[in-house]
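Worksheet: the structure to be examined is printed underneath.
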Amino acid sequence: MARATYIEAPCKSAINAVMGMPFKWSLTPYRGCVHACHYCYARATHAYFGLDADRDFETKIFVKSNLVSVLRKELAKPSWRREQIAIGTATDAYQPAEGQFRLTRGVLEALLDFRNPAGIVTKSTLILRDLDLWAELAKVARARVYFTITTLDRDLWKRVEPGTPPPAQRLKAMERLTAAGVSCGVLMAPVLPGLTDSEASIDSVASAAAAHGAVAFYPLPLRLAPLVREHYLTWVEQNAPDLTARYVRAFHGQNLPKPYTDRLDALAAEMQRRYGFETDETREHNYKRPPIVPPPARLQLELPLSHPSPA
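Counting in my numbering, the sequence shown runs from 340 upward without gaps.
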């Protein structure tokens, strides 16, 4: 892996409004990611900076250096309703840069001070550094950690997610978080056609998730936006050339055909039944609800009046 360059990029807002997702608000400390997952949909965002979705995305990492101070101001607004914030939905908030810049830990400290619900998606075992904060947040607000585990095949993992910790280490990290009282789930995201989409492959990840304490499991389909498509198909040509024609036929647009996604939904439902994971219908009932603990009054004194606006 090439050495990464870190670029300071102060933000105007920390909390961003989201449309068309299961959550309304998101927060991302870093843009670009040295995890270098070849299917990552966030690769396309580097084009906004005049950079490419290939090596630049993996080596030129933008750091929102003022994120924590901006977040605290936004959380203190009287108009903010303490809604759940999804962390790291674009690029991993616990990628190696976090070891140096500690923005995600600062974010968690702010969320804990304001008793604000949060969730995170990560592939990194660095999250265990902040086990204390996640455990405390889970006591006073809704908190959930999702680990992305695409495959348990070590050879495929090394080729498709070259900068990430091994899947077995992620599972062990999840086990420690669940033991500390943090609700955890596994996203098998994305499921890669011809590589990880067999029932046996999906079952292997679901079984491991259940064995390590996950309460939720969701296999999600691959999506190939422009620029991501070109990058990923180049990887397919180099690593699984016999699948290239299948991908070209399947992806007329960004999404897989409905019969394929319907099959994946059916497999997801089967795994949820087989291993006792929550479903869309049982999620709210099963979610451990901590007592409502209001934030200290001193944290409510700042006066900005509007909701955070998108970055």
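Virtual Cβ for every residue (Gly too), placed ideally from N, Cα, C.
A distance below 6 Å between beta-carbons, with the five flanking residues on each side excluded, links Phe486 to the following residues of its chain, in chain order: Arg509, Met513 and Val525. Its chain contains Val499, His570, Tyr571 and Trp574 as the residues whose beta carbon lies nearer than 7 Å to that of His377, once the 5 sequence neighbours on both sides are disregarded; these appear in chain order.
Here the region 544-560 makes contact with the region 601-613; the two share three or more CB pairs at distances below 8 Å. In this structure, Arg515 and Leu563 do not form a Cβ contact; the two beta carbons are roughly 34 Å apart against a cut-off of 8 Å. Going by beta carbons, Lys403 and Leu442 fall inside the 8 Å limit.
With 16 or more other CB atoms across the displayed protein chains lying within 10 angstroms of its CB, His385 is buried.
A straight-line Cα-Cα distance of about 33 Å links Arg382 and Ala415. Annotation for Met610: the continuous alpha helix (DSSP H) segment containing it runs Lys597 to Tyr614. When the alpha-carbon of Thr517 is set against those of Met527, Glu475, Val530 and Ser537, the nearest one is in Glu475.
Take Trp473, set aside five residues on each side of it, and the residues of its chain with a beta-carbon closer than 8 Å to its own are Leu447, Ile466, Ala482, Val484, Leu516, Ala519 and Val521, in chain order.
With fewer than 16 other Cβ atoms from the protein chains shown falling within 10 Å of its own Cβ, His591 counts as exposed. Straight across, the Cα-Cα distance linking Ala392 with Ala429 is about 14 Å.
Residue range Ala482 to Thr487 is occupied by the beta strand (DSSP E) that includes Arg483. Of the residues assessed, Arg370 falls on the buried side of the cut-off, its CB having 16 or more other CB atoms within 10 angstroms.
Runs of the beta strand (DSSP E) lying entirely within the region 491-573 and spanning at least 3 residues, in chain order: 522-530 and 555-560. Close CB contacts of Pro529 within its chain, under the 8 Å cut and outside five residues either way in sequence, are with Tyr378, Thr489, Leu559, Pro560, Leu561 and Arg562 (chain order). About 7 Å separates the beta carbon of Pro505 from that of Arg493, a gap short enough to meet the 8 Å contact definition. A direct Cα-Cα distance of roughly 33 Å separates Glu437 from Glu576. In the structure shown, Tyr586 falls within a helical segment according to DSSP collapsed to helix, strand and coil.
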